[in-house]
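Sequences listed follow chains A and B, in order. The working numbering puts the first residue of the first sequence at 1405, with every later residue one more than the last. The working numbering puts the first residue of the second sequence at 141, with every later residue one more than the last. Data first, discussion second: the structure below is written as C-alpha cells.
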Amino acid sequence: MDANTMIDSLSTQFPDAVFDTKVESKIRIFAKVKPENIKDVCMYLKGNLSFGHLCCEFGIDFPDRNEIEVVYVIGSYDHSVVLTLKALLPRDNPEIESVVSVYWNASWYERETYELFGVKYLNHPDLRPLVLPEDMLGEWPLRKDYKGFPNKTAKNLV
Amino acid sequence: MMDEKVGPSEMIVHLGPQHPMMPGPFRLNAKLRGETVVDSEVEMGWLHKGIEKILENKTYLQGITIVDRICYLAAMTNEEAYVGCVEKLAGIEVPPRAQYIRVIMEELSRIQSHMLGTGEYASFVGFVSMFMYTIRDREDVLSLLDSVSGTRITHSFLRFGGVKDDLPEGFKEDVKRVFANLRKAIDSYEELFSSDDIYRSRTVGIGVLTPEVAKDIGVSGPPLRATGVAFDIRRDEPYLVYPDLDFKVCTRKEGDVYARVQVRLDEIRESMYIIEQCLDQMPQGPLFPEGTAYGRRSPIMRVPAGEVFNRVEDPRGEMGFYMVSDGSDKPYRVKIRGPVYPTLQALPPLIKGVRVADIVAIAGSMDTCTSEVDR
C-alpha cells in the first residue's frame, strides 16, 4: 500500500473529520483532523493502515492565529510512510481527547504537552507534570508569550 | 500512577535520582513485597535543560552546538537529524564526499556509544572489569573521532550542506590499525560474556520483551531488534549514502537482556564493515555544494517557511526532529523525539514482578540516556 492509497482510504473513511490532506512525498503524508474525532482516527490508523508506532506528539503555539496545534507524528513498523496529523485547538481553552488507550506511549508525550503548552487531555489516566517542577504549572513555558525566558536567567538577574 | 498505600509486608523504596547504579539521574519509586517489585513509577526531569525552547532563541547555525548536548554519546547523529531538517527545508544537496564523511563519523560515533553502553551495562550487573576493558578500547575510537573533528565528544562537526573538515592524512591507516585491535577486543568480550556463568544467570531470560509488547510501547533500536523485529531507519528510510552500502540489520530472537548486549556487539562489527566500505568507495570532490554560499562558515541563513520531520538511526534507536520554520533566521519550533523516551516510560511494566537486583539489569540494558529523555 503506498502513500496515495493510504490518504485516500483515510479521507473515504472520515469524509467530515479529516481535511487538508496532502501527499508530500512517497514516505510523508499530512492531514488535519477535527479534535473531537482524534481518537477514532487514531484507532482506524492503527487497526487498518498499520500505523502502529507513535513517533511523537507535541504542541505548536501560534499566538497570531490564536491557535495551538497538537501534532501527532505516526509511523509504522511495517512500512516507511510517516503521517503527520494535526488538530487545531483554541488558545484560551485547549482541550482534546487523549489517545493513550490507542497508543500506549502517548502518555508521557501528553503529560509534557500539558505542562509546556497547557493542553488539557480528557480521559488521560494520569495527567501530572513530567519534566517541570510542580510550582511551574500554569506558566506554559513553551508558549510564545512566555516571558520567563531568557529574562529569568542569571545574567539578567544581576 | 502508583498507589501510595502499602499493605502488610510491603514497602516503598526510592531509587535515585543520585544512585550509583542508575544509568543517569531519574527516580524510581518501587513498591516492594519482600524482594519482588509489585508496582513502580518513574519520575524524571532532573536534567531538563529546555533545549527545545533554547533552539527557538538561537540561529540555525548556533543550534548545531546545542543539539550536541542532547546526549553526548550520540552527538553526531543528533547533529545529522538537525542539519538534515534544515537541508530538507532549504533544499540543500550534500555532495557525495561529504555524505561519506558523515556516514564514517556517525558509525564511529555508534561504535563508541555501544562500547560505553556495553561496559556500563556489565558494571551494573557486577562485572566491573568489563567496564575497564571497553573504556580502554573505546579511547582509540574517540581518538579517531578527535583526529577528524578536533573534539572527542561534542563534535559540532556538521554544517549545512557539508562537513567542517576533510579526513586528515593517514586516516585510513589509523582506522585499519584501530579496527584490527577492536575486532579482537569484541571477540574477547563476547567470549567473556558467554563463558561467565554468573553473568549469564543474571542476564539470560531476564527482562524479556516480546515483539508485540515492544512495538506497543514504541521501542526502537537495539532493544527492539533483540526481539527479532528488523526495524532500522538506515534501511527502512535511507538517508545519506546508506543505500549504496552493504550492511545487515542485526537481530536476535530471544528479546532478553543478554540478546540486547549481543545485538550491540554485532552492530559494532557491522559499523566497522560500513566504515571500511566507505573508505574504499569514497570519491574525491568538494565538501560543500559548489556555486552556493554554504561553507565552513555558514552564511546568515533564512530558511524557507515549512515543516519537516527528519529521522535518523541513533545508537539507541529512532532519533527524529520535527522542525517548523516561519522564514526567519531562527526555527519557530523544534521537537526532539529521542529514542530512550518511550523506553524509560516502559520501565514500570517491564520490572513488574522481578527482584530488586534485576531492576538495574533491565534498566541498564536499554542503554538509557537520561540527558536525552529530559532534553
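Each residue gets a CB set at the ideal place from its N, CA and C atoms; glycine is no exception. These numbers come from a predicted model, not from an experiment.
1. Between A:Glu-1499, A:Tyr-1507, A:Gly-1451, which lies nearest to Thr-1517 of chain A when the distance is taken from Cα to Cα?
2. Suppose you measure from the CA of Pro-488 of chain B to the CA of Gly-446 of chain B; what does that come to, to the nearest Å?
3. Please name the residue in B:Gly-147, B:Ala-497, B:Tyr-200, B:Gly-478 whose C-alpha comes closest to that of Cys-1460 of chain A.
4. Leaving out five residues before and five after Leu-1561 of chain A in sequence, what residues of the same chain have Cβ atoms less than 7 Å from its Cβ?
5. As a quick exercise: from A:Ser-1429, A:Leu-1449, A:Leu-1534, A:Asn-1441, pick the residue whose alpha carbon is nearest that of Leu-187 of chain B.
6. For the alpha helix (DSSP H) containing Met-1405 of chain A, name the first residue and the last one.
7. Answer yes or no: do Ile-373 of chain B and Glu-246 of chain B have a C-beta to C-beta separation smaller than 7 Å?
8. Taking 7 Å as the cut-off, decide whether the C-beta atoms of Leu-1520 of chain A and Pro-1537 of chain A are in contact.
9. Should Cys-1459 of chain A be flagged as near chain B, meaning a C-beta pair shorter than 7 Å?
10. Have a look at Val-207 of chain B and Gly-147 of chain B and give me their C-alpha separation to the nearest angstrom.
11. Checking 7 Å against the spacing of the C-beta atoms, do His-159 of chain B and Ile-408 of chain B come in under that value?
12. Determine the closest residue to Val-448 of chain B out of B:Asp-143, B:Leu-248, B:Ser-269, B:Gly-224, with distance taken between C-alpha atoms.
13. Using a C-beta cutoff of 7 Å, does Asp-356 of chain B count as contacting chain A?
14. What number of angstroms, rounded off, separates the C-alpha of Ile-1464 of chain A from the C-alpha of Leu-256 of chain B?
15. Spatial neighbours of Arg-442 of chain B within its chain, please: C-beta separation below 8 Å, excluding the five flanking residues on both sides.
16. In its own chain, which residues sit with a C-beta less than 7 Å from the C-beta of Asp-406 of chain B, not counting the 5 before and 5 after it?
17. Taking any Cβ of chain A, which residues in the region 440-468 of chain B have a Cβ under 8 Å from it, in chain order?
18. Which residues in the same chain have their Cβ closer than 8 Å to the Cβ of Asp-280 of chain B, if we skip the five residues on either side of it in sequence?
19. Is the CB-CB distance between Met-270 of chain B and Ala-262 of chain B below 7 Å?
20. Could you give the DSSP three-state label for Pro-1494 of chain A: helix, strand or coil?
21. Since Ser-411 of chain B and Ile-251 of chain B should fall inside the 8 Å C-beta cutoff, what is the C-beta to C-beta distance between them, to a whole number of angstroms?
22. DSSP beta-bridge partners for Lys-1567 of chain A?
23. Suppose the cutoff is 6 Å on Cβ atoms and the five residues either side in sequence are ignored; what does the same chain contact list for Arg-473 of chain B look like?
24. Find the nearest neighbour of Met-142 of chain B within the set B:Tyr-462, B:Arg-292, B:Val-182, B:Asp-286, judged by alpha-carbon distance.
25. With a threshold of 7 Å between beta-carbons, can Phe-1423 of chain A be considered close to chain B, or not?
26. Would you check if the distance between the CB atom of Val-401 of chain B and the CB atom of Thr-258 of chain B is smaller than 7 Å?
27. What residues from the region 1480-1491 of chain A come within 7 Å of chain B, judged by C-beta to C-beta, listed N to C?
28. Please state whether DSSP places Gly-290 of chain B in a helix, a strand or coil.
29. Can you give me the start and stop residues for the beta strand (DSSP E) that Lys-312 of chain B sits inside?
30. Anything in the region 1441-1467 of chain A with a Cβ closer than 7 Å to a Cβ of chain B? List those residues in chain order, please.
31. Taking a contact to mean a Cβ-Cβ separation below 7 Å, would you say Leu-1492 of chain A touches Glu-1471 of chain A in this structure?
32. Look up Thr-508 of chain B in the DSSP assignment and say whether it is helix, strand or coil.
33. Report, in whole angstroms, the separation of the C-beta atoms of Gly-302 of chain B and Val-234 of chain B, which I expect to be a contact under 8 Å.
34. Does the distance from the C-beta atom of Ile-1362 of chain A to that of Ser-1484 of chain A stay below 7 Å?
35. Does DSSP put Cys-390 of chain B in a helix, in a strand, or in coil?
36. Count Cβ pairs between the region 348-355 of chain B and the region 424-441 of chain B that sit closer than 8 Å; are there 3 or more?
On the basis of the supplied data:
1. The residue you call residue 1517 of chain A lines up with position 113 of the first sequence. Nearest option by C-alpha distance: A:Glu-1499.
2. As a working mapping, residue 488 of chain B is identified with position 348 in the second sequence. As a working mapping, residue 446 of chain B is identified with position 306 in the second sequence. Approximately 38 Å between the Cα atoms of the pair.
3. The residue labelled residue 1460 of chain A in the question sits at position 56 within the first sequence. For the residues B:Gly-147, B:Ala-497, B:Tyr-200, B:Gly-478, the minimum Cα distance to Cys-1460 of chain A belongs to B:Gly-478.
4. Numbered from 1 along the first sequence, position 157 holds the residue referred to as residue 1561 of chain A. Residue confidence is low: Leu-1561 of chain A scores 49 on pLDDT, short of 50, so the model does not pin down where it sits. No coordinate-derived value is stated.
5. For the purposes of this step, residue 187 of chain B is identified with residue 47 of the second sequence, where counting begins at 1. Of the listed residues, the one whose Cα sits closest to Leu-187 of chain B is A:Leu-1534.
6. Translated into the one-based positions of the first sequence, residue 1405 of chain A becomes position 1. Note, Met-1405 of chain A: premise wrong, no alpha helix (DSSP H); not H, not E.
7. Walking along the second sequence from the start, residue 373 of chain B turns up at place 233. Walking along the second sequence from the start, residue 246 of chain B turns up at place 106. Their beta carbons are not under 7 Å apart, which means Ile-373 of chain B does not touch Glu-246 of chain B by this criterion.
8. Position 116 of the first sequence, counted from the first residue, corresponds to residue 1520 of chain A. Position 133 of the first sequence, counted from the first residue, corresponds to residue 1537 of chain A. No. Outside cutoff.
9. For this step, residue 1459 of chain A is matched to residue 55 along the first sequence. Look at Cys-1459 of chain A: its C-beta is under 7 Å from a C-beta on chain B.
10. Mapped onto the second sequence, residue 207 of chain B falls at position 67. Mapped onto the second sequence, residue 147 of chain B falls at position 7. Spanning the two alpha carbons is a distance of roughly 46 Å.
11. Here residue 159 of chain B refers to the residue found at position 19 of the second sequence. Here residue 408 of chain B refers to the residue found at position 268 of the second sequence. For the pair His-159 of chain B and Ile-408 of chain B, the CB atoms are not nearer than the 7 Å cut-off.
12. Sequence index remark: in the second sequence, residue 448 of chain B carries index 308 (1-based). Nearest of B:Asp-143, B:Leu-248, B:Ser-269, B:Gly-224 to Val-448 of chain B, Cα basis: B:Gly-224.
13. Mapped onto the second sequence, residue 356 of chain B falls at position 216. For Asp-356 of chain B, at least one C-beta of chain A is nearer than 7 Å to its own C-beta.
14. For the purposes of this step, residue 1464 of chain A is taken as the residue at position 60 of the first sequence. For the purposes of this step, residue 256 of chain B is taken as the residue at position 116 of the second sequence. If you draw a straight line from the Cα of Ile-1464 of chain A to the Cα of Leu-256 of chain B, it comes to about 36 Å.
15. Your numbering for residue 442 of chain B matches position 302 in the second sequence. These residues qualify, in order along the chain: Gly-467, Ser-468, Asp-469.
16. For this step, residue 406 of chain B is matched to residue 266 along the second sequence. Answer for Asp-406 of chain B: Cys-390, listed in chain order.
17. Cβ contacts with chain A: Glu-447, Phe-449, Arg-451, Glu-458, Gly-460, Tyr-462, Val-464.
18. Counting from 1 along the second sequence, the entry for residue 280 of chain B is found at position 140. Result list for Asp-280 of chain B: Val-318, Asn-321, Leu-322, in chain order.
19. Here residue 270 of chain B is taken as the residue at index 130 of the second sequence, counted from 1. Here residue 262 of chain B is taken as the residue at index 122 of the second sequence, counted from 1. Using a Cβ distance threshold of 7 Å, Met-270 of chain B and Ala-262 of chain B count as a contacting pair.
20. Taking the first residue of the first sequence as 1, we reach residue 1494 of chain A at position 90. In this structure, DSSP gives Pro-1494 of chain A an extended state, which the three-state scheme calls strand.
21. Against the second sequence, residue 411 of chain B aligns to sequence position 271. Against the second sequence, residue 251 of chain B aligns to sequence position 111. With 8 Å as the limit, Ser-411 of chain B and Ile-251 of chain B qualify as a contact, their Cβ atoms being about 5 Å apart.
22. Since the first residue of chain A shown is 1405 and the last is 1562, residue 1567 of chain A is not available in this structure.
23. What you label residue 473 of chain B is simply residue 333 of the second sequence in a count that begins at 1. Here the set comprises Val-464.
24. Residue 142 of chain B sits at position 2 when you count from the first residue of the second sequence. Closest by alpha carbon: B:Val-182.
25. Locating residue 1423 of chain A in the first sequence gives position 19, counting from the first residue. Not one chain B Cβ lies under 7 Å of Phe-1423 of chain A.
26. Taking the first residue of the second sequence as position 1, residue 401 of chain B is located at position 261. Taking the first residue of the second sequence as position 1, residue 258 of chain B is located at position 118. For Val-401 of chain B and Thr-258 of chain B, yes; Cβs fall inside 7 Å.
27. For the region 1480-1491 of chain A, the residues whose beta carbon sits under 7 Å from a beta carbon of chain B are, in order, Tyr-1481, Ser-1484, Val-1486, Thr-1488.
28. Taking the first residue of the second sequence as position 1, residue 290 of chain B is located at position 150. Gly-290 of chain B: coil per DSSP, three-state reduction.
29. As a first step, residue 312 of chain B is located in the second sequence; it is residue number 172 there, counting from the start. That residue, Lys-312 of chain B, is in no beta strand (DSSP E); its alpha helix (DSSP H) goes 311-335.
30. Answer in chain order: Gly-1456, His-1457, Leu-1458, Cys-1459, Cys-1460, Phe-1462, Ile-1464.
31. By one-based count along the first sequence, residue 1492 of chain A stands at place 88. By one-based count along the first sequence, residue 1471 of chain A stands at place 67. Taking 7 Å as the Cβ cut-off, Leu-1492 of chain A and Glu-1471 of chain A qualify as a contacting pair.
32. Start at 1 with the first residue of the second sequence, and residue 508 of chain B comes out as number 368. For Thr-508 of chain B, the secondary structure class from DSSP, reduced to helix, strand or coil, is coil.
33. In the second sequence, residue 302 of chain B corresponds to position 162, counting from 1. In the second sequence, residue 234 of chain B corresponds to position 94, counting from 1. That belief holds up - the Cβ atoms of Gly-302 of chain B and Val-234 of chain B are roughly 6 Å apart, short of 8 Å.
34. Outside the shown range of chain A (1405 to 1562) lies residue 1362 of chain A, about which nothing can therefore be said.
35. As a working mapping, residue 390 of chain B is identified with position 250 in the second sequence. Of the three classes helix, strand and coil, the one that applies to Cys-390 of chain B here is coil, per DSSP.
36. In short, these stretches do not touch, since the Cβ pair count stays below three.
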